[in-house]
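Peer 1: Below is the structure I would like to discuss, written out as structure tokens.
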Amino acid sequence: MPHRGRLNVLSNVVRKPNESIFSEFGGTAEPSDEGSGDVKYHLGMNFERPTPSGKRVQLSLVANPSHLEAEDPVVLGKTRALLHYNGDEEQSQSAMGVLLHGDAAFAAQGVVYETMGMAALPAYQTGGTIHIVVNNQIGFTTDPRFARSTPYCSDIAKFVDAPIFHVNGDDVEAVNYVCQLAADWRGQFKKDVVIDMICYRKQGHNETDQPSFTQPLMYKRIAEKKPALEKYTNKLLEAKTFTSDDIDEHKKWVWGMLEDSFSRSKDYQPTAKEWLTSAWNGFKSPKELATEVLPHEPTAVDPETLKHVGQIVGNAPEEFNVHRNLKRILNNRTKMVQEGKGIDMSTAEALAFGSLCLEGHHVRVSGQDVERGTFSQRHAVLHDQESESTYTPLKHVGKEQGSFVISNSSLSEYGVLGFEYGYSLSSPSALVMWEAQFGDFANNAQCIIDQFIASGEVKWLQRSGLVMNLPHGYDGQGPEHSSGRMERFLQLCNEDPRIFPSPEKLERQHQDCNMQIAYCTTPANSFHILRRQMNRQFRKPLISFFSKSLLRHPLARSNLEDFTGDSHFQWIIPDPLHEGNGDFKLQPKEEIKRVILCTGQVFATLFKHRQANNITDTAITRIEQLNPFPWAQLKENLDSYPNAETIVWCQEEPLNAGAWSFTQPRIETLLNNTEHHDRKHVMYAGRNPSASVATGLKSTHMKEEQDFLDMAWSVKQDKLKGE
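At position 314 of the sequence shown the residue is numbered 314 (UniProt numbering), and the sequence of numbers has no breaks.
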């Protein structure tokens, strides 16, 4: 819900202690747990409330930002998750979403349409949502004639054939009747329903606003109106339902209760428990997370389990007619795992999903075209060529497995990412992944990224292990299909680049970060990072960039031993060619003169160039995880090259994009703490600054690539620190 009426709902519906609300207005109390907090109009609340029938109902008011309607898909995602865990996705009787809207926002915000558009989609429907529009006939200072092009603010709901009930907000019993009718409709037909409650805003937009500047006549009328409470008590007196004494006594009791709460508010200490909108039973609390060092559990899996999953994902039932071209791909997957060699990215992902399901975890993958994969790489759902029936191998890895759900979404980013974020809040036992069709399109959901994923935990103690999977990489496909805007995600990270972390800080890097950013170049690393999301006692969002060209690249292959035994996620990958590769072998580490640091698919470009030009005195180190930054691992790696004269950061993105602005200050700080390179600077090699993400001309793309390759080997340490 938005801000209007939120304190009323917090107090009277979800029963937040009134002294807590008063103390927040007094500004005297601080939350006793970690968290920067948020204004009182944004905080959520959980409450188990008894009903007149004697049943108890769990109420959850979801925390929200001031970005109006942004929480709509979050609420529905959380509702869908509850239905899933209750085994009630078909009947939808155990959980229900109620969305409160303002009239101006409901008519104007695109996310309303995106969210309502999921109402009947198999993997997203929640059995109908009740929408209550608090129609104040104004949006801050804007009249309806400037705020919408339709007669009613609720007309948007006609596109899903939702019934719309218009009701006078001053008629208490009519409002009550319509709300009951809406609940009955939703219960009977499992469809969305809208209540357009036409009322007015008594005061200005906020405590300091003067509405008469812009709506003088409206506010003259409002000043003359009797409050709804007075109108209703007069009606009750006329009907002789109550006496004046009854009403006065009740008012006295309410005022007394509020006065008592106000006096107690001065010493009130709120707890995080009040506003944790998703309490995870048996999981470490945010306070424990802030004080304890929690271990990472192993992510490796025994070979037999992987071979079993490999057998499943590469096969369909005998009577199922798989496309002939796909048969070869599937057979190769099974063969890779059985032989233990050359496992590619897509197979590694399937092994991660399958092994997690076998451990009882629920896995949900969502996004545009995810069933097949944008680049025809996943093929998680097979289609019978004769009947168009479907078969999902990962649903059949074991009898006691956790459920595996993969579904193509509507062509929406904002709504669907919000939905999946909401889904991830409900339980820590699910791996929830949203994948962009191309990373470039994720910025349609920038609001969800900024307001929820990056900051939800610190503002609202709202924990999430959501994975965002973003295709990224410069392949000459132009400015719309090259970049997941890595720089924007890195800018949102809360790590201090100016100080080399203490040993204590290094131990708890993942616990203290607000989100993880990775760009894996090996199938094994992508396998381990997905499993790591579940194999620890806390949850953090993961932004995982993946290269389109590495999906099938011979350099991006792993062997079975990289998934088993003591194998684990590698924060950095040192140069593999110190051991030699056929005719090509690097010089010993003591004779390396240049170290090139990079992340992602540019490694393959650098690798190919080095081999083609027989350059043996340059080592290439890959940073697989950018945040939390691999301080200790990279320091050890750089000190293993004691005589390196030049340290270079190479990227394929322009100077004003990619990871450079994030890595440069960190590498500088890190170099100050090395044994052999404390006076060196890190040098840049990459594309020049550009307003556009990438060129659309293949020839220009190739020239730019050659230029930054030349730069990577020609740029020199011009002067040392202090010179």
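Idealized CB from N, CA, C, for every residue including glycine.
Hey, is the segment 653 to 660 in contact with the segment 632 to 642, meaning 3+ C-beta pairs nearer than 8 Å?
Peer 2: The segment 653 to 660 is not in contact with the segment 632 to 642.
Peer 1: What does DSSP give as the partner residues of Q58 in its beta bridges?
Peer 2: E48, per the DSSP bridge assignment.
Peer 1: For Y85 and S426, which I take to be in contact (beta-carbon distance under 8 Å), what is that distance rounded to the nearest angstrom?
Peer 2: Right, their Cβ atoms sit about 7 Å apart.
Peer 1: Whole angstroms are fine: how far does the CA of G402 sit from the CA of W255?
Peer 2: Taking the straight line from one Cα to the other gives about 52 Å.
Peer 1: Rounding to the nearest angstrom, what Cα-Cα distance links I132 and S424 in this structure?
Peer 2: Near 25 Å, if we compare the C-alpha coordinates of S424 and I132.
Peer 1: With a CB to CB cut of under 6 Å and the five nearest residues on each side skipped, what residues in its chain are close to C493?
Peer 2: For C493, where only same-chain residues beyond five positions count, the Cβ hits under 6 Å are N627.
Peer 1: Please give the ranges of any beta strand (DSSP E) in the segment 604 to 629, keeping only runs that are unbroken, at least 3 residues long and fully inside the region.
Peer 2: Those beta strand (DSSP E) runs which fall completely within the segment 604 to 629 and span 3+ residues are 618 to 623 and 625 to 627.
Peer 1: Determine the DSSP secondary structure at S690, reduced to helix, strand or coil.
Peer 2: Reduced to three states, the DSSP call for S690 is coil.
Peer 1: Who are the near neighbours of T392 in its chain, counting only those whose CB is closer than 8 Å to its CB and skipping five residues on each side?
Peer 2: Within the same chain, T392 has close Cβ partners A380, V381, L382, F404 and I406.
Peer 1: In three-state terms, what does DSSP make of R463?
Peer 2: R463: coil per DSSP, three-state reduction.
Peer 1: With a cut-off of 8 Å, do at least 3 Cβ pairs link the segment 430 to 440 to the segment 358 to 374?
Peer 2: With the cut-off at 8 Å, the segment 430 to 440 and the segment 358 to 374 touch.
Peer 1: How about S502 and M345: do their beta carbons lie closer than 8 Å?
Peer 2: No, these two residues do not count as a Cβ contact at 8 Å.
Peer 1: Alpha carbon to alpha carbon, how far is C663 from R622?
Peer 2: It should be pointed out that residue 663 corresponds to Thr in this sequence rather than to Cys. Roughly 12 Å separates the two Cα atoms.
Peer 1: Can you find at least 3 beta carbon pairs, one from the segment 103 to 114 and one from the segment 78 to 95, that sit closer than 8 Å?
Peer 2: No, the segment 103 to 114 is not in contact with the segment 78 to 95.
Peer 1: Using only the alpha-carbon positions, how far apart do K284 and R463 sit?
Peer 2: Computed Cα separation, rounded: 11 Å.
Peer 1: Straight-line CA distance for V98 to I130?
Peer 2: When rounded, the distance between both Cα atoms is 5 Å.
Peer 1: Return the bridge partner residues of residue 725 from the DSSP annotation.
Peer 2: The first residue shown for the chain is 1 and the last is 723, placing residue 725 beyond what the model contains.
Peer 1: Over what stretch of residues does the alpha helix (DSSP H) that includes L711 continue unbroken?
Peer 2: In the sequence as displayed, the identity of residue 711 is Met instead of Leu. That run of the alpha helix (DSSP H) goes K698 to S714.
Peer 1: If G465 and R539 are in contact, beta carbons under 8 Å, what's the gap, nearest whole angstrom?
Peer 2: Contact holds; Cβ gap of about 3 Å.
Peer 1: Does the Cβ-Cβ distance between L586 and T605 come in under 8 Å?
Peer 2: No, they are not a contact pair.
Peer 1: Strictly by DSSP, which residues pair up with W434?
Peer 2: DSSP lists S366 and M468 as partners of W434.
Peer 1: From the DSSP output, which residues share a beta bridge with P654?
Peer 2: BP columns for P654 point to R687.
Peer 1: State the DSSP-derived secondary structure class of R378, mapped to helix, strand or coil.
Peer 2: In this structure, R378 counts as coil in the three-state DSSP scheme.
Peer 1: Going by CA-CA distance only, name the one from Q625, E207 and S699 that's closest to T599.
Peer 2: Comparing Cα positions, the closest option is Q625.
Peer 1: Mind checking which residues open and close the beta strand (DSSP E) that includes A518?
Peer 2: Start and end: Q516 to Y519.
Peer 1: When burial is assigned at 16 or more other CB atoms within 10 Å of the CB, is Q451 buried or exposed?
Peer 2: So Q451 counts as buried.
Peer 1: To the nearest angstrom, how far is the alpha carbon of L100 from that of V416?
Peer 2: About 19 Å.
Peer 1: Decide if R56 is buried, meaning its Cβ has at least 16 other Cβ atoms within 10 Å, or exposed.
Peer 2: Exposed, because fewer than 16 other Cβ atoms sit within 10 Å of the Cβ of R56.
Peer 1: Between which two residues does the beta strand (DSSP E) carrying M197 extend?
Peer 2: Looking at the DSSP string, the run of the beta strand (DSSP E) that includes M197 is V193 to I198.
Peer 1: From D161 to V193, what does the alpha carbon distance come to, in whole angstroms?
Peer 2: Roughly 9 Å separates the two Cα atoms.
Peer 1: DSSP on S23, reduced to helix/strand/coil?
Peer 2: Residue state, collapsed to three classes: helix.
Peer 1: Could you tell me if D33 is buried or exposed, where buried requires 16 or more neighbouring beta carbons within 10 angstroms of its beta carbon?
Peer 2: Reliability of the predicted coordinates at D33 is poor, the pLDDT of 49 falling under 50, and the value obtained from them is presented with this limitation in mind. Buried, since its Cβ has 16 or more Cβ neighbours within 10 Å.
Peer 1: Beta carbon of S482, beta carbon of A694: below 8 Å?
Peer 2: Contact flag set, yes.
Peer 1: Please work out which residues of its chain come closer than 8 Å, Cβ to Cβ, to N643, disregarding the five sequence neighbours upstream and downstream, and give them in chain order.
Peer 2: Result list for N643: E590, E591, I592, K593 and H676, in chain order.
Peer 1: Whose C-beta lies closer than 8 Å to the C-beta of L237 among residues of the same chain, with five residues either side of it excluded?
Peer 2: Hits under 8 Å: T243, S244 and I247.
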